[in-house]
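Q: Got a structure for you, written out below as structure tokens; questions coming shortly.
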Amino acid sequence: MKVHRYALDVEWTGNRGEGTRTIAGYSRDHRITAPGKPPIHGSSDPAFRGDPTRWNPEELLLASICACHKLWYLGLCAHAGVTVLSYRDRAEGMMEEEPGGAGQFTAVTLSPTVTITASSDPALAAALHERAHAMCFIARSVAFPIHYTPVIEVAPAT
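Using my numbering, the letters of the sequence shown map in sequence onto residues 1 to 158.
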């Protein structure tokens, strides 16, 4: 078994001069950095006093699931002889917050629209989503269900 390690820095940038002296007195802003990559400017969800112009952890989790599925799917298509011309996913996640403030994701739905060449097999293209789901590192690491409702479009023959 191979082991892969990932490292990054998350730095809170929201001290407005008095730290966390009061719940409303500080910003939830932070910066995610890793060597050789542009920073990601994050905050909490606006429902939790966050900046709506910055990425929040919930969106980043959803994006990770979506991107992992897409990467596996494209690779599986390439190996199976399905030529993908475009791929776009409108993913949605559901998180439930408990009365005490804790919460968790309860489901994610991926809704990719995939365009394949006329010479590719649409049934195989649809079926490969199940295999991508089974292989996705992120999907295999979370404790909530991930559903997918793919749409396969066939480009006109040229």
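Each residue gets a CB set at the ideal place from its N, CA and C atoms; glycine is no exception.
1. Hey, V84 and L74: beta-carbon distance below 8 Å or not?
2. Does the distance from the C-beta atom of G36 to that of W55 stay below 8 Å?
3. Would you tell me roughly how many angstroms separate the C-alpha atoms of H4 and F137, rounded to the nearest one?
4. So, is H133 buried or exposed, given that buried needs 16 or more other C-beta atoms within 10 angstroms?
5. Under the rule that 16 or more other beta-carbon atoms within 10 Å means buried, what is A91, buried or exposed?
6. When you compare only the Cα positions, how much space is there between E59 and H147?
7. Tell me which residue opens and which closes the beta strand (DSSP E) that L110 is part of.
8. Where does K70 land, buried or exposed, given buried means 16+ other C-beta within 10 angstroms?
9. To the nearest angstrom, how far is it from the Cα of T149 to the Cα of T109?
10. For W12 and S119, I'd like the C-alpha separation in whole angstroms.
11. Which stretch, first to last residue, makes up the alpha helix (DSSP H) that contains W55?
12. Helix or strand or just coil, what does DSSP make of Y148?
13. Under 8 Å between the Cβ atoms of A107 and P145?
14. Which stretch, first to last residue, makes up the alpha helix (DSSP H) that contains E130?
15. Pull up the distance between the alpha-carbon of A123 and that of V142, whole angstroms please.
A: Concretely, from the data shown:
1. As a first step, residue 84 must be located in the sequence shown, where it is residue number 84. As a first step, residue 74 must be located in the sequence shown, where it is residue number 74. The answer is yes: Cβ separation under 8 Å.
2. Against the sequence shown, residue 36 aligns to sequence position 36. Against the sequence shown, residue 55 aligns to sequence position 55. In this structure, W55 does not lie closer than 8 Å to G36 by Cβ.
3. Within the sequence shown, numbered from 1, the residue matching residue 4 stands at position 4. Within the sequence shown, numbered from 1, the residue matching residue 137 stands at position 137. So the two alpha carbons sit approximately 11 Å from each other.
4. Numbered from 1 along the sequence shown, position 133 holds the residue referred to as residue 133. Label assigned to H133: buried.
5. Here residue 91 refers to the residue found at position 91 of the sequence shown. It is buried - the Cβ of A91 has at least 16 other Cβ atoms within 10 Å.
6. Residue mapping note: residue 59 aligns to position 59 of the sequence shown, counting from 1. Residue mapping note: residue 147 aligns to position 147 of the sequence shown, counting from 1. Distance between the alpha carbons of E59 and H147 is about 17 Å.
7. Taking the first residue of the sequence shown as position 1, residue 110 is located at position 110. For L110, the enclosing beta strand (DSSP E) begins and ends at 103-110.
8. Counted from its first residue, the sequence shown places residue 70 at position 70. Using a 10 angstroms sphere on the CB of K70, the tally of other CB atoms reaches 16 or more, which defines it as buried.
9. One-based indexing of the sequence shown puts residue 149 at position 149. One-based indexing of the sequence shown puts residue 109 at position 109. The alpha-carbon atoms of T149 and T109 are separated by roughly 7 Å.
10. The residue you call residue 12 lines up with position 12 of the sequence shown. The residue you call residue 119 lines up with position 119 of the sequence shown. Going from the Cα of W12 to the Cα of S119 covers about 51 Å.
11. Within the sequence shown, residue 55 is the residue found at index 55, counting from 1. Looking at the DSSP string, W55 is not in any alpha helix (DSSP H), and its letter there is neither H nor E.
12. On the sequence shown, residue 148 is found 148 positions in, with the first residue counted as 1. Looking at Y148 - three-state DSSP - the assignment turns out to be strand.
13. Locating residue 107 in the sequence shown gives position 107, where the first residue counts as 1. Locating residue 145 in the sequence shown gives position 145, where the first residue counts as 1. Taking 8 Å as the Cβ cut-off, A107 and P145 qualify as a contacting pair.
14. Counting from one through the sequence shown, the residue named residue 130 turns up at place 130. From DSSP, the alpha helix (DSSP H) with E130 extends over 122-135.
15. Walking along the sequence shown from the start, residue 123 turns up at place 123. Walking along the sequence shown from the start, residue 142 turns up at place 142. For the pair A123 and V142, the Cα-to-Cα distance works out to about 28 Å.
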